[in-house]
Amino acid sequence: MSSDNMLSGFQASSKANGSGTKNSSRLFNELLETSKNLPSTSSDLGPILLSVNEMKKRAQEMRKTIPHESNHTKAHYLLAGSGLGIHEIENSLNNLKASELLSEQRVAQGYNDGDLDTYLNIRKDENILSAIEQSLSLAAKDFDNFVNQNFNLDWKQRKDEVRESFGILIKKRQDTSNYDTKNLAPLDPNSGSFWGKPGRGLLDGDSRLNVNENYIVREKFEKYARIIYRLNNARQSHSGDFELAKEFISTFQNTTDSKYRQLLEGWEIIDNAKGKSSVVDSSKKYLERQFLNYVDNLYSKNPSEGLPTNVNKIRAFIDMKLKTGKNTWKFNNLTIVNGIPVWALVFYLLRAGLPQDALEVVVNNKLSFKKVEQSFLTYFKAYVTSSDNRLPQEFVSRLHTEYNQHIKNALDSDPFRLAVYKIIGRCDLTRKNISAITLSVEDWLWVHLMLIKDDMDVDDPVYERYTLNDFQNTMVSYGESRFNNYYLQVLLLSGQYELAVQYAYKISEMDAVHLSIGLAYYNMLHVSTYKEDELISVTDGQTQLNFVKVLGNYTKSFKYSDPRIAVEYLILIALSNQSEQIELAYEALRELILETKEFTILLGKVNAEGIRIPGIVEERQSLLQLQDQKDFLYKITEQAARRADEEGRVQDSLLLYQLSEEYDIVMSIVNKLLGELLSTTEINQPLFGLDDNNETNPVLIAKRLIEVYINNIEISKKVQQKNKETCITLLKLVDIRSSFLARQWQSTLQKIEELDLIPFADENSTRKRAQEFAHLDENILKNIPNLLIITMLCISNIVKQLNESDYQSLTKKQQIDSLKRVAKNCMIYAGMIQYKMPRETYSILINIEVSL
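All you need for the working numbering is the position in the sequence shown, starting with 1, plus 456.
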């Protein structure tokens, strides 16, 4: 009776008697006394909760002691307060009688095979139902535990992941997998790559370049690839500096396209600047040499009288550019001495990088200078003879005074005189341009470079400050529109190499990539860490290029068609010898290996004798700062194998572990594959199809590995004995499955007995095998259920064949009895481990046993 019903009964009783408190006390006392008469564990009535079969048994016993026609009047008193009518009870009893009669009829029809058989069948059914119920309960419990352990989600993190997948969340999550699982040591969090971290897609950028687009593009790609190949050969053989710039220059020699002319001159600038510490000096020298070559070319086409000296060549150039007639000039206020504009001659000699020739001209014409110019010879001599072509400080203030008083604002001043004074004295830097003279872009750049002074003193006035950084900012502020098809050269001449690469992408991505390679090779490039969306970044005021992105994007278009060439480019990521860039090179190579699956080409192979044949990556290992083969296997091959394993690419990880000489891991993976194949394939189905091959068939792989690993002593030492034994056992299970499919019952049973995994002998061996069950290798353990079913089916089929045979003999009976004893041992064993097997296994075994 529920507490609510009991309470309502008490209340009703109290109200009827009119004295609730007194009656309630009396009723509690009566209940207490009555409870003493309830059956206990020592009572002869036995337990209250009985099974259906036990109730049936007791009812039959009670029926024997009660007269058949006895009335039920005594029950009226028991049921009077139950609310049930006697007629309803009578109908229920009649129904029970009808059910009993039906049961008796079934027995009469032959369903009753005897009380013992009926009991055994009922017990089997109960066992099955109990096993199912317990399995379901355990499964529900395991599922709850799994949910608790694996689905304890941080919903804020989950929300961020969803937002990030739709591009809403910009901030990247930090990876917390910062431990080396092999050495249990913290890894460098800035290394950019470590185990457990998903690939970042270094080779999957936004490039749309297709090197196989057409014949012209492909030819250019191959031309560049050959240069890079020779570069890496030279680096690896330490055969001295490789003339990379000249190699690239040769590819543009015959070009007439203006945009490719930029690239040609760009490489010439790089070739001139390589190995030099000063951007300003190298750029000045380049512009001066370029101008002198131009003058030489003009002179060779229009030679003048006299010897072909530098002075005569510059005079011929001036005549060609400044003369409008025989004795007329473009400028009216030029200082002409002996038919020569002397200040223009000095200016262009300086422009051609010929200060000594300019000094000679000044000395030879000193008498022709005006009074205000008399001291110029002193200044110029000091300027030319100084080590850095700078005017000594003692003359600076004097020259500035003369410039400001007599030259700057003179109405009839020679514009070239003003230019020469401005250059050697760095005068009036608030106005760096010389508007009176028409200068080319190169001339204009040269003038600016001549005015730069990076080693400024603290006492220097602000208006005299003009540094390389100021020059760079000026160039960028003008932008490419100001310089037409000369902006690439401007950026290179101003030392803005990273921006030059960025701009070169507008000309040609392929050329931009190789421009960056050249700059990196000559240590002229500042490289940044890898950032997926940024090509250029600024750190601490320093512009940096995402060199990994440049090379990764480029190899995207040919990583599948030309993986060898892709390797040659990706190892260049480590050109800077920075530890972070070297790690990124490793990561990029691992991505290439995993994506292309060209394991033989890239990593090599293991031949039938177990000997490794190296691939292209290993051949270039010295360029990746890998000291030896062990270092290479650990940092490239093994980590690629781990990545493949984490991504569920079992076949790939298997081959990669093999190449990394992790033979014990290889054997573990093969055992897992073989165990899964055996346990998940129906026993009446073949283990593999006809189209399976040596690379995907676990059975064939296992057979080959066992042969190699056992025959090769060095490899065998690296494989645990337990792993080898497990593999051999699994292969025997494969053989058993083949015999079973061929319906070779006797042979199959014999092989199972020889395998000695399940008990055949007696009950003692059965208990022993049951105790050993939990200690079996996981890959063998999961195949015990199928092995039991195969065993029972073989016994069932042999017994059936014996029973159906015509001859009768004592030997036949002994064989059948022996087989049934084996079946009994198997069933006892199965009963001991039934809760460690799939729930349907025990039911199948019982059904097979019943048929024996």
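Glycine is no exception: its CB is placed at the ideal position from the N, C-alpha and C atoms. Bear in mind the structure is a predicted one, so any value in this text is a computation, not a measurement.
Residue i burial status per 10 Å Cβ neighbour count (16 or more: buried)
i            : result
residue 972  : buried
residue 622  : In this predicted model, residue 622 has a pLDDT of only 37, less than 50, meaning its place in the structure is not dependable; the value taken from the coordinates is given anyway. That one is exposed.
residue 1291 : exposed
residue 1266 : exposed
residue 976  : buried
residue 669  : exposed
residue 1202 : exposed
residue 967  : buried
residue 1049 : buried
residue 813  : buried
residue 1182 : buried
residue 970  : buried
residue 995  : exposed
residue 951  : buried
residue 942  : buried
residue 1302 : buried
residue 694  : exposed
residue 763  : exposed
residue 1261 : exposed
residue 1296 : exposed
DSSP-derived helix/strand/coil call for residue i
i            : result
residue 935  : coil
residue 796  : strand
residue 667  : coil
residue 779  : strand
residue 920  : helix
residue 1019 : helix
residue 695  : coil
residue 559  : For residue 559, the predicted structure reports a pLDDT of 45, less than 50, and the residue's modelled location is therefore unreliable. A value from the coordinates is still provided. Helix at residue 559.
residue 758  : coil
residue 448  : Within the shown structure, residues of the chain are numbered from 457 to 1308, placing residue 448 beyond reach of any answer.
residue 1142 : coil
residue 1037 : helix
residue 765  : coil
residue 1299 : helix
residue 846  : coil
residue 926  : helix
residue 659  : coil
residue 1173 : helix
residue 1263 : coil
residue 826  : coil
residue 1013 : coil
residue 791  : coil
residue 711  : coil
For residue i, the residue or residues it bridges with in DSSP
i            : result
residue 1124 : Partner(s): none; residue 1124 has no beta bridge.
residue 1069 : 1061
residue 1000 : 993
residue 785  : 779
residue 818  : Answer by DSSP bridge pairing: none, since residue 818 is not bridged.
residue 983  : 1001
Endpoints, the alpha helix (DSSP H) within which residue i is located
i            : result
residue 1192 : 1177-1197
residue 721  : 714-729
residue 1293 : Counting along the chain, residue 1293 falls outside any alpha helix (DSSP H), and DSSP gives it neither H nor E.
residue 1248 : 1240-1260
residue 970  : 965-977
residue 1112 : 1106-1115
residue 1216 : Taken as a continuous stretch (DSSP letters only), residue 1216 belongs to no alpha helix (DSSP H), as it is neither H nor E.
residue 704  : 700-706
residue 1167 : 1154-1167
residue 834  : 832-841
residue 1282 : 1266-1289
residue 1101 : 1095-1102
residue 1235 : 1234-1237
Inter-residue CB distance, residue i and residue j (contact presumed, cutoff 8 angstroms)
i            : j            : result
residue 1051 : residue 1015 : 7 angstroms
residue 805  : residue 819  : Incorrect: roughly 13 angstroms between the Cβ atoms, too far for contact.
residue 661  : residue 1008 : 6 angstroms
residue 1239 : residue 1179 : With 8 angstroms as the limit, residue 1239 and residue 1179 do not qualify as a contact, their Cβ atoms being about 16 angstroms apart.
Proximity test, residue i beta-carbon vs the ligand GDP heavy atom, cut-off 7 angstroms
i            : result
residue 1081 : The ligand GDP is absent from the structure shown, which contains no ligand whatsoever.
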